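Q: Got a structure here, written out as structure tokens. Questions coming.
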Amino acid sequence: MRGRGMRTAVFRLLVLVGLVAIWEAGTWAADNPFFPRPSTIVVRMHELWFSGPPTALFLTEGAVADILPSLGRMALGFAGGALGGVVLGLAVGLSARVYDYLDGVLQFLRAIPPPALVTVFLVLFGFGLRMQLAFIMFSIVWPVLLNTADGARSVEPLHLQTCQAFRLSRAERLFRVILPSALPKMFAGLRLALSLSLIVMVFSELLPGTTNGIGFQLTFAYQSFDLPAMWAGIVLLGVLGYLLNELFLVVERRVLAWHHAAQRLVG
Amino acid sequence: MLEIDNLSHVYGGGTPNEHHAIDGLNLSVAEGELLCIVGPSGCGKSTLLRSIAGLITPTGGQVKVEGNLVRQTPDNLAVVFQDYSRSLFPWMSVADNVALPLRRKNMDKSRRREAAQEALESVGLEAAGRKYPFQLSGGMQQRVAIARALAYRPTLMLMDEPFGSVDAQTREDLEDLVLKVRGHHQMTIVLITHDIDESVYVGDRVVVLSKAPAHVVGDLKVDLPGPRDQITTREHPDFVHLRAEVGRLVRGHATV
Amino acid sequence: MLEIDNLSHVYGGGTPNEHHAIDGLNLSVAEGELLCIVGPSGCGKSTLLRSIAGLITPTGGQVKVEGNLVRQTPDNLAVVFQDYSRSLFPWMSVADNVALPLRRKNMDKSRRREAAQEALESVGLEAAGRKYPFQLSGGMQQRVAIARALAYRPTLMLMDEPFGSVDAQTREDLEDLVLKVRGHHQMTIVLITHDIDESVYVGDRVVVLSKAPAHVVGDLKVDLPGPRDQITTREHPDFVHLRAEVGRLVRGHATV
Amino acid sequence: MSAQTLSRAVPASATTRWRRRATGAVCFAALIELLSRTGVADPEFLPPATEIVGRAATLLLDADFRAHALTSALAWAIGLGLAALVAVPLGLLLGSVPIIDAATRSVVEFLRPIPSVALIPLVALVIGTGLQHRVALVVYASLWPILYNTMYGLRGVDPLAKESLRAYGFGPLAVLRRVSLPSAAPFIATGVRLAAGVALILTVSTEIVAGRGEGIGVFIYFAGIAVPARMADILAGVFWVGLFGVAVNALLVAAERRAFRWHHAQWGERE
Amino acid sequence: STGGASTASAPPSAPANGGLEKTQLKIATLPAIDSAALYVAIDQGLFEKEGLEVTPQIVQAAPEAIPMLVKGEIDAMFGNYVSMFAAHDKNALKLRILAEGSRAAPDSLSIMALPNSPIKTPKDLEGKTINVNVLHNFQELALTQVLKANNVDPATIKYVQVTFQNIMPSWKDGQIDAAYLGEPMVTAATAGMGARKILDPASGPAAEFPISGYVSTQGWYDENPKVSAAFQRAIHNAAKLMENNREVVAKVLPTFTQIDAGTAATVTFPYFSSNDNPVRLQRVADWMLEAKWLTKPIEVKSLMSPTTSG
Ligand SMILES: Nc1ncnc2c1ncn2[C@@H]1O[C@H](COP(=O)(O)OP(=O)(O)OP(=O)(O)O)[C@@H](O)[C@H]1O
Ligand SMILES: Nc1ncnc2c1ncn2[C@@H]1O[C@H](COP(=O)(O)OP(=O)(O)OP(=O)(O)O)[C@@H](O)[C@H]1O
Ligand SMILES: [Mg+2]
Ligand SMILES: [Mg+2]
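Here you go:
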């Protein structure tokens, strides 16, 4: 068990180091200002965000001004979107009636490119945080919704019959049976939504009136052709994405322990 | 207690796979009775059970429990499904699986836990409470499903081949357990089995169903001197006679 | 044919749920033999079967099939799982389920289809080929699983309580079917059952396992005059004696 | 009664179901109409639904618009197709070989959150700005839902089903192909359905930000830079995109129903 | 008849034009009035006269065209100097200015307030929020100088980036206090909303402020010196044609912008440069340096060629 874990960790590190080395070599060979070397990017990242005083945990003012608000927006947007997705997904997945009424409209909304709706968002929500949150939620709700609906729809029929035979209440059925059995699929949706929320956060920071954030910094850097700074933003997003995903997997492993254990039954 | 009136069920009506599972079945079970149902594989026993439990809506006829037409699952009913392993919830420990239905019973948590533990003990699984279903053997899973139904203390218990996956010794213990529980709690029990000896040993009455579409071809009152006992009862001449009778009925040589 | 040497298996080693399922089990089965295994519920029979099939790696000892150490599933082996309903593929028709393993056999499509249909007929399901597993009753699903194994014509067949969900008549037919197939195709069969009569009736040898952790507590040669017959064999004095013997062993009163 | 909806099919006739769908759509349209007519949202920026739909109808007669729509649909279709072609095998690989999954996870998770805005110029530099540009971005974004649903779908396969095939001596590849894949297929299909939406969004969004004169997104962009902005045009474009999304979804659902009849039959017609 | 028709009839190679390195050019332009000279040159057959066949490629923002230029998908592009100088400064490309394009004319840019706004004078702008298309671009650059000249502290202004189509809703909704508009929005806001002009950002020190030009890379220029000269001539000649002749401009506007014929007849045009002048362009680079948008000075003259036309 432990040995296996160590092996993967080492393997993983090797893969990572190898890829960064290839990247460095590739950019060195290409010598294209649009593709700065990873070492340059790291230096720029340090300058931008991590060269602050020890009292601020080495975070610069720029980091506090850009990274924290972004993460805040992302977290709020993710929480709202995920909740909305789960609730709507369960409703649509469980009730034929709700499905019939909502499916068309939801599928319609799902296909709409948010950039085309910026003006509508603007008149509905105004500048700033509210619009950004609405924007993030609107974008990430779909994977959670669809996967939850799928999970709720494919609950083992005998489980439902068991519920019915023992006349479990609606709430018990929902929380003790349907939700747990839909969880594995829901988690697939949530994991998609998590990194999507990072991406959409960047988009939301392009919206009219934004004045800070990683996405803002990133686009500003591109507009002024500060390409290492733009790449610093990209790498930061990548690192954040990676960290958030690891965090997510920890949660998933806990919540879905039964699922993973039952799956390991076979070698 | 239970009235089944001209019950019919057709699966997939109108499709090429249309199948008449039950056809004009009549049956009534008295309060406190333990009725055993035997019949050939695929004849429609499980279908009948599902109709009684209100899990499927029969395509014809009606089922009444305590005088009420069954539309939804009647109150105070418990079912042990034939496919026990699928009817357990894999995300819950064994104890939680057993305790879950008790939430309907206005018991507080510790009472529920106690009741679950008690039921598990009665089926010989006192040590398995904290395990998950997939960590149990087939027979143990089946016993968990039985424990779940027992802990619930229903007034009507439906059991679909509940002892199929346990060894002979445990099976006898469980048969006696059912008999005991029935006596204590005035349950009405409908038990499907393929074991003819078992049907005669535990049943007050044995109903034999025909090949599909199922209808009743034999209905035998089991009048054995009580209390029943695995050794003496099975040696009783009436027992031997009855099991031969049931056997003949099942094989299609109806003499009644 | 099959050599089991000091086999042990521990589930969840190192965790609080550590469980010793098998402990130092020795057993050998000769070519063409039909070995029945009986033992208390949860003792480790299915675990043993999985080890033989190479589906789990035992934590101790070794299994040899035809002289080769089992690391992966040995060739020409078929298994009928205890949890038959989950071992069928819901996305395939019954016929496809049965025909699927035959892809290993270098048969063309029509041959596979024929073989599947033949096997289905032999278990009494000639009409079920185009249905899907969920459209079958429990006993029918079990017979599909049996048909799948039979169609494969393995040299070693492992059966885990294969007749648990069928009625008495069908059960007898299937027992005879297994005996017949074994005779025709020189199969070695290991069959787990809870029915003591059955173990004596079909087995050339009956092995009784102890409570968990499982080891062999009894190993009886069944020397009944062949060919076996449901009526005469079961009335044979040796049969009556053997079943009593096995019964005693299972109940823990070992006399051998 | 109502509690039944949690477990059992509520048999509703096709007409009832269509009526409900129509009701849902009409309610949604009415909501927009109301927001706009009452002035809760400035009608200059959110025109009434009737106006949007009316405009959408006349757009159909516009050959220019049809050409825009066609190029977008092409980019969408190629992008989605490629994404599925890449993601399903990759998902099967990552989902069935845990060590590869673990080893590549850092890279995969690192790449995922890179937003297409940042990628637009970089991709343009590497492969140019034509159709291939949009297709590349579409593939990149719509890869993930399929990949993840494939991986999670594989995890949900009943281990006993896999064992059953293994017991007959089938190797890991055969088990993957004959058990894991069909068993996970319905969930993979859901991933494809998700990806179809993502691909549509990416196609149009990329066009809005960096289209090169063609595509429905460019149409929307041009309507936006007019003075005053032609909101009815923008939303009529959006309307067609949305309707296309609905149609694609319906088509995919129908295809799933055909392909996974066993799934729907077994799990009951609860939708 | 559009420009396309006349270019199509151009002879494939015109030896009269003295061995051009290539005759077919693809130029990225913006769907804005500023790029009108290129379209007029096409429409009036001025490129044809030089032996060039020019295909415009509309892009949505200048930065989007830079990868195309670097990759060689296009020969030249129309872009604003601030972006181009920034790109040059950061080595994203080696800039070469082929021809000047547009300069701000009075009233072609405007800081405006709604009729009921408390903002009346430039001084009132202090501490207020104003939109720009892109942060740190020519709009800010010019306004900063003009504000200074009007005794307003430019540092107090809060700029927010608002895309074109969202200026009106944000403004009406009070999300921005004053709007920084270009044509044709100035005309539309004045006529349709009764908006008041507070300040002309292209006045005083920023009068005739150069906004955009036709640029390529130094490498391309080195390979195509004759084409460059021919191209510059055509653009300058177009600009000359356009001076005092609204019609030629108004005619082409609807073909590449979203401005209809009616509006085209009334909007204020920028100045279209009919010669290249390094001195006025140097001002842009200097101000950028002052604003610390550049890391080092740029000597603009070295990026330009002398005017060879007229
Ligand atoms: N969902 C279904 N769709 C179509 N046919 C079905 C369905 N369920 C059951 N059947 C058919 O109905 C018949 C009766 O099934 P049922 O499960 O009631 O049999 P049973 O008597 O319980 O058999 P067993 O003893 O084998 O469990 C079988 O022939 C079966 O094929
Ligand atoms: N995956 C597992 N994890 C932990 N314990 C397990 C697991 N699988 C089986 N066990 C335990 O191993 C023991 C033997 O199980 P096995 O399935 O081999 O029993 P069995 O003899 O087949 O019983 P039955 O006759 O009831 O099927 C049981 O006590 C069971 O709890
Ligand atoms: Mg049944
Ligand atoms: Mg077992």
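Residue numbers (my numbering), protein chains in the order written: chain A, 1 to 267; chain B, 268 to 523; chain C, 524 to 779; chain D, 780 to 1050; chain E, 1051 to 1360. Glycine is no exception: its CB is placed at the ideal position from the N, C-alpha and C atoms. Keep in mind the model is a prediction, meaning the values are calculated, not measured.
Does S786 of chain D get closer than 8 Å to chain C when you measure Cβ to Cβ?
A: Per-residue confidence for S786 of chain D stands at a pLDDT of 39, beneath the threshold of 50, marking its modelled position as unreliable; the derived number appears in the next sentence. With 8 Å as the cut-off, S786 of chain D does not count as an interface residue toward chain C.
Q: Enumerate, from N- to C-terminal direction, the unbroken alpha helix (DSSP H) stretches of 4 or more residues contained entirely within the stretch 436-461 of chain B.
A: Residue ranges of uninterrupted alpha helix (DSSP H) with 4 or more members are absent from the stretch 436-461 of chain B; none lies entirely inside it.
Q: Cβ atoms of S688 of chain C and Q665 of chain C: under 8 Å apart, would you say?
A: Contact flag set, yes.
Q: Look up L785 of chain D in the DSSP assignment and say whether it is helix, strand or coil.
A: The predicted model places L785 of chain D with a pLDDT of 37, which falls under 50 and marks its position as unreliable; any figure quoted below should be read in that light. Residue state, collapsed to three classes: helix.
Q: Taking 8 Å as the threshold (beta carbon to beta carbon), is W142 of chain A in contact with chain D?
A: yes
Q: Using a Cβ-Cβ cut-off of less than 7 Å, list which residues of the stretch 151-163 of chain A approach chain B; keep chain order.
A: E156, L158, H159, Q161, T162
Q: So that I know if they touch, is there some Cβ in chain E lying closer than 8 Å to that of P900 of chain D?
A: yes
Q: Is there at least one non-hydrogen atom of ligand 6 closer than 7 Å to the beta-carbon of D683 of chain C?
A: By its list of ligands, the structure shown excludes ligand 6, since it contains just ligand 1, ligand 2, ligand 3 and ligand 4.
Q: Which residues does DSSP list as the beta-bridge partners of P1260 of chain E?
A: E:R1153
Q: For Q605 of chain C, collect the residues of the same chain with a Cβ closer than 6 Å to its Cβ; drop the 5 residues on either side in sequence, then sort them by chain order.
A: S569, D683, E684
Q: Ignoring anything shorter than 4 residues, give me the alpha helix (DSSP H) runs that lie fully in the stretch 481-520 of chain B, in order along the chain.
A: 499-502, 504-517
Q: Please determine if the stretch 193-213 of chain A and the stretch 17-26 of chain A are in contact, where contact requires at least 3 C-beta pairs separated by less than 8 Å.
A: Contact between the stretch 193-213 of chain A and the stretch 17-26 of chain A is absent, because fewer than three Cβ pairs lie under 8 Å.
Q: Out of curiosity, what's the CA-to-CA distance linking R845 of chain D and F1023 of chain D?
A: 13 Å
Q: Under 7 Å between beta-carbons, which chain A residues line up against R796 of chain D? List them in chain order, please.
A: D100
Q: Taking the alpha helix (DSSP H) that E637 of chain C falls in, what are its first and last residues?
A: 632-645
Q: Taking V144 of chain A as part of the alpha helix (DSSP H), name the residues at either end of that continuous run.
A: 129-153
Q: Are at least three pairs of beta-carbons, each pair with one atom in the stretch 822-834 of chain D and one in the stretch 947-957 of chain D, less than 8 Å apart?
A: no
Q: Report all residues from its chain with a CB closer than 8 Å to the CB of T1267 of chain E; omit the five preceding and five following residues, and keep chain order.
A: L1119, V1120, L1143, K1144, L1145, R1146
Q: Could you tell me which chain B residues have their CB closer than 7 Å to the CB of T596 of chain C, listed as they occur along the chain?
A: What T596 of chain C touches in chain B: nothing, since even the nearest Cβ is about 21 Å away.
Q: Using a Cβ-Cβ distance under 8 Å, would D1336 of chain E count as near chain A?
A: no
Q: On the CB-based measure, 16 or more other CB atoms within 10 Å of its CB, does H276 of chain B come out buried or exposed?
A: buried
Q: Check for me: the alpha helix (DSSP H) holding Q161 of chain A runs from which residue to which?
A: 157-165
Q: Could you name the residues of chain B that V177 of chain A contacts, counting a contact when the two beta carbons are closer than 7 Å?
A: F356
Q: Provide the residue span of the alpha helix (DSSP H) that contains H260 of chain A, from first to last.
A: 257-263
Q: Excluding the 5 residues flanking P1234 of chain E on each side, which residues of the same chain have their C-beta closer than 7 Å to its C-beta?
A: Counting only Cβ-Cβ distances below 7 Å, and skipping sequence neighbours, we find I1309, T1313, V1317.
Q: Taking the beta strand (DSSP E) that M1338 of chain E falls in, what are its first and last residues?
A: Counting along the chain, M1338 of chain E falls outside any beta strand (DSSP E), though it belongs to the alpha helix (DSSP H) covering 1328-1340.
Q: Determine the closest residue to L168 of chain A out of B:T340, B:L274, B:L301, with distance taken between C-alpha atoms.
A: Nearest of B:T340, B:L274, B:L301 to L168 of chain A, Cα basis: B:T340.
Q: Can you find a CB in chain D that lies within less than 8 Å of the CB of Y655 of chain C?
A: yes
Q: Report buried or exposed for R1040 of chain D, applying the criterion of at least 16 other Cβ atoms within 10 angstroms of its Cβ.
A: exposed
Q: Please confirm if the stretch 555-570 of chain C is in contact with the stretch 711-726 of chain C, defined as three or more CB-CB distances below 8 Å between the two stretches.
A: yes
Q: Since S1152 of chain E contacts D1250 of chain E with CB under 8 Å, what's their CB separation in whole angstroms?
A: That pair is no contact at about 16 Å.
Q: Going by the CB atoms, is the gap between R766 of chain C and D699 of chain C shorter than 8 Å?
A: no
Q: Note down, in chain order, each residue of its chain lying with its Cβ closer than 6 Å to the Cβ of P563 of chain C, except the 5 sequence neighbours on either side.
A: K734
Q: On the criterion of 16 or more Cβ atoms from any shown chain inside 10 Å, does M6 of chain A qualify as buried, or is it exposed?
A: exposed
Q: Please go through the same chain and pick out, in chain order, the residues whose beta-carbon is closer than 6 Å to the beta-carbon of I899 of chain D, but skip the five residues on each side of it.
A: Closer than 6 Å at Cβ, skipping near neighbours: A989.
Q: Which residues in chain C have a C-beta closer than 7 Å to the C-beta of T324 of chain B? List them in chain order.
A: Those within 7 Å of T324 of chain B in chain C number zero; the least Cβ separation is about 18 Å.
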